[in-house]
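J.:
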Amino acid sequence: MTAAEPSSPWTPARRAERMNPSILREILKVTDRPGILSMAGGLPSPESFPVEAMRAACERVLRDTPREALQYAASEGFAPLREWVAAHLAGQGMAVGADQVLITTGSQQGLDLVAKVLVDPGAPVAVETPTYLGALQAFSPMEPIFASVASDADGPLPEAVAALAHDAPGTRFLYVLPNFQNPSGRLMPEARREALVAAAKRAGVPLVEDNPYGDLWFDEAPPRPLAARWPEGTIYLGSFSKVLAPGLRLGYLVAPRALYPKLLQAKQAADLHTPGFNQRVVHEVIRDGFLDTHVPKIRAMYRRQRDALCEALREHLPAGSEWQPPSGGMFCWVRLPAGCDATALLPQAVEQGIAFVPGAAFYARQPDARTVRLSFVTLTPDEIRTAVATLGALLRRHLTEDAPTPTP
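Note that this note's numbering has the sequence shown beginning at 0, numbered continuously upward.
(1) Taking one C-beta from the segment 313-324 and one from the segment 91-106 each time, how about it: are there three or more such pairs within less than 8 Å?
(2) Under a Cβ-count criterion, where at least 16 other Cβ atoms within 10 Å of its own Cβ denotes burial, should Pro123 be classed as buried or exposed?
(3) Rounded to whole angstroms, how far is the Cβ of Ala368 from the Cβ of Thr389, which I believe are closer than 8 Å?
(4) For the candidate residues Pro140, Asp111, His87, whose alpha-carbon lies nearest to that of Glu16?
(5) The alpha helix (DSSP H) spanning Arg59 covers which residue range?
(6) Whole angstroms is fine: what's the gap from Arg185's alpha carbon to Pro5's?
(7) Specify the secondary structure class of Arg201 as computed by DSSP and reduced to three states.
(8) Taking only the alpha-carbon atoms, compute the straight-line gap between Ser326 and Pro129 and give it to the nearest angstrom.
(9) Starting from Ala164, trace the alpha helix (DSSP H) both ways and give me its first and last residue.
(10) Provide the residue span of the beta strand (DSSP E) that contains Ile102, from first to last.
(11) Out of curiosity, what's the CA-to-CA distance linking Phe239 and Glu400?
(12) For Glu158, which residues of its own chain have a beta-carbon under 8 Å away from its beta-carbon, when the five flanking residues on both sides are left out?
(13) For Ala226 and Gly96, I'd like the C-alpha separation in whole angstroms.
(14) I'd like the list of long-range same chain contacts for Val113, defined as Cβ closer than 7 Å, with 5 residues on each side in sequence excluded.
(15) Count the other CB atoms within 10 Å of the CB of Glu314; is the residue buried (16 or more) or exposed (fewer)?
(16) Pro366: which of Ile35, Glu127, Pro45, Thr64 sits nearest, CA to CA?
(17) Taking Val281 and Leu69 to be in contact with their CB atoms under 8 Å, please state how far apart those CB atoms are, rounded to whole angstroms.
(18) Does the distance from the CB of Val84 to the CB of Val60 come in under 8 Å?
(19) Can you name the start and end residues of the alpha helix (DSSP H) that Gly133 belongs to?
(20) What beta strand (DSSP E) runs, 3 residues minimum, are completely inside the segment 226-274?
(21) Within 10 angstroms of its Cβ, does Gln180 collect 16 or more other Cβ (buried), or is it exposed?
(22) Thinking C-alpha only, which one of Ala363, Phe276, Ile353, Gly121 is nearest Arg62?
(23) Per the DSSP calculation, Gly109 is bridged to which residue(s)?
(24) How long is the line joining the alpha carbons of Ala167 and Lys200, rounded to whole angstroms?
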């Protein structure tokens, strides 16, 4: 018999009970093993990383400003990088000053700062249906009440947003990803953007606009951001993870000037500042127009992978499957035939050498068990075709086995 474990002297805060492990990260532990053709992770292709440009930039920073790069830095971020962000967004129709830009440790930190500054226990927070799992994780410890806004293939329904004034009075904000949404891959068209902003204004519900994928369009650039239409009522989040490298953990937040000081104070309390060396390296890489030639190469590569995926889905998925070809980004959202439970099917898929993310995790309320998120950017076109063929065979076998036995 072993001695009993001593009781813990620690008393976790109430918010700690709402901190749960990322379902996606737990899935990746199982699926990210050798030999698995994984369409699960929301990871950019390593083939897109500009390794040589990064190496050269590191050498220049350490040669020209080594002490400054390795020292503590301003909480707001490296001034030339903030100015670059403001100029970049001006090209998208946003009138932004560098004094509104806060450099964050990935855009995920931006979500955390927004939650800390804007969410009280019991306060309503509105999200799309479905929505980004990482946002639910960032907001949940602040103990909000989630209002899940009805959505279609174009995004949140304006009438559902307008109804928040009655259905969820005091909603702190609506969190929305207009461009190639994670997980659904949908793009919000121009007319829906106009209608959504008008509805949000009428309801008095500010917007948190997250845009990590907007540069990854395949055929046509997305419409102007929501923040360009309602700058005083929108916080805008961006990231360098998908166009450079996620390991840098570099993102940014653009806030109305009235709100910026509190977000800055939350940033100071969290980590003082985002690594200054990383900021200087990224600025060194992008300052002379590098992204103008680099990002189109990523788009072309992802477009080929998207095409391979859609061709394979048409060929191999059984009748009753539903999906829309994504026009950008990294994800395709699939609804399996009636009678399928994606979570229950995942272990069988892993046994067959493939992996996906069940869509239920991306719902704040009333999950759809038939949904699946497929990421298509880390596999070759041939690997995509093999993985989808395997998925199709698994689904057909499942549907056959579960079919009712004919009456003699």
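Cβ atoms here follow ideal geometry from the backbone N, Cα and C, with glycine treated the same way. A quick note: this is a predicted structure, and the numbers were derived from the prediction, not measured.
T.: Let me spell this out:
(1) With the rule of 3 Cβ pairs closer than 8 Å, the segment 313-324 does not count as touching the segment 91-106.
(2) Position 124 of the sequence shown holds residue 123. Under a 10 Å Cβ-count criterion, Pro123 is classified as buried, with 16 or more other Cβ atoms of the shown protein chains found around its own Cβ.
(3) The residue labelled residue 368 in the question sits at position 369 within the sequence shown. The residue labelled residue 389 in the question sits at position 390 within the sequence shown. The Cβ separation is near 21 Å, so there is no contact.
(4) Residue mapping note: residue 16 aligns to position 17 of the sequence shown, counting from 1. Nearest C-alpha to Glu16: Pro140.
(5) Position 60 of the sequence shown, counted from the start, is the residue given in the question as residue 59. Per DSSP, the continuous alpha helix (DSSP H) segment holding Arg59 begins and ends at 50-63.
(6) Along the sequence shown, one-based indexing puts residue 185 at 186. Along the sequence shown, one-based indexing puts residue 5 at 6. If you take the alpha carbons of Arg185 and Pro5, they lie about 51 Å apart.
(7) For the purposes of this step, residue 201 is taken as residue 202 along the sequence shown, with counting starting at 1. If DSSP states are grouped into helix, strand and coil, Arg201 belongs with the helices.
(8) The count along the sequence shown starts at 1 and reaches residue 326 at position 327. The count along the sequence shown starts at 1 and reaches residue 129 at position 130. Ser326 and Pro129: Cα-Cα distance of roughly 18 Å.
(9) By 1-based counting over the sequence shown, the position of residue 164 is 165. Residues 163-166.
(10) Start at 1 with the first residue of the sequence shown, and residue 102 comes out as number 103. Ile102 -> beta strand (DSSP E) spans 100-103.
(11) Taking the sequence shown and counting its residues from 1, one reaches residue 239 at position 240. Taking the sequence shown and counting its residues from 1, one reaches residue 400 at position 401. When only Cα atoms are considered, Phe239 and Glu400 end up about 46 Å apart.
(12) Mapped onto the sequence shown, residue 158 falls at position 159. Taken in chain order, the residues that qualify are Ala198.
(13) Locating residue 226 in the sequence shown gives position 227, counting from the first residue. Locating residue 96 in the sequence shown gives position 97, counting from the first residue. Their Cα atoms are separated by approximately 13 Å.
(14) Numbered from 1 along the sequence shown, position 114 holds the residue referred to as residue 113. For Val113, same chain residues with a beta-carbon under 7 Å away, outside a window of 5 residues either side, are Val207, Ile234 in chain order.
(15) Your numbering for residue 314 matches position 315 in the sequence shown. So Glu314 ends up on the exposed side.
(16) Within the sequence shown, the letter at position 367 stands for residue 366. The option with the nearest alpha carbon to Pro366 is Glu127.
(17) Here residue 281 refers to the residue found at position 282 when the sequence shown is read from its first residue. Here residue 69 refers to the residue found at position 70 when the sequence shown is read from its first residue. 16 Å between Cβ atoms; not a contact.
(18) Here residue 84 refers to the residue found at position 85 when the sequence shown is read from its first residue. Here residue 60 refers to the residue found at position 61 when the sequence shown is read from its first residue. Inclusion of Val84 and Val60 in the CB contact set at 8 Å is not warranted, their separation being larger than that value.
(19) For the purposes of this step, residue 133 is taken as residue 134 along the sequence shown, with counting starting at 1. Membership of Gly133 in the alpha helix (DSSP H) is indicated by the continuous run 132-138.
(20) Qualifying beta strand (DSSP E) stretches, in chain order: 233-238, 250-253.
(21) In the sequence shown, counting from the first residue as 1, residue 180 sits at position 181. Buried: at least 16 other Cβ atoms inside 10 Å.
(22) Taking the first residue of the sequence shown as position 1, residue 62 is located at position 63. For the residues Ala363, Phe276, Ile353, Gly121, the minimum Cα distance to Arg62 belongs to Phe276.
(23) As a working note, residue 109 is residue 110 in the sequence shown. Under DSSP, Gly109 shares a beta bridge with no residue.
(24) Mapped onto the sequence shown, residue 167 falls at position 168. Mapped onto the sequence shown, residue 200 falls at position 201. So the two alpha carbons sit approximately 15 Å from each other.
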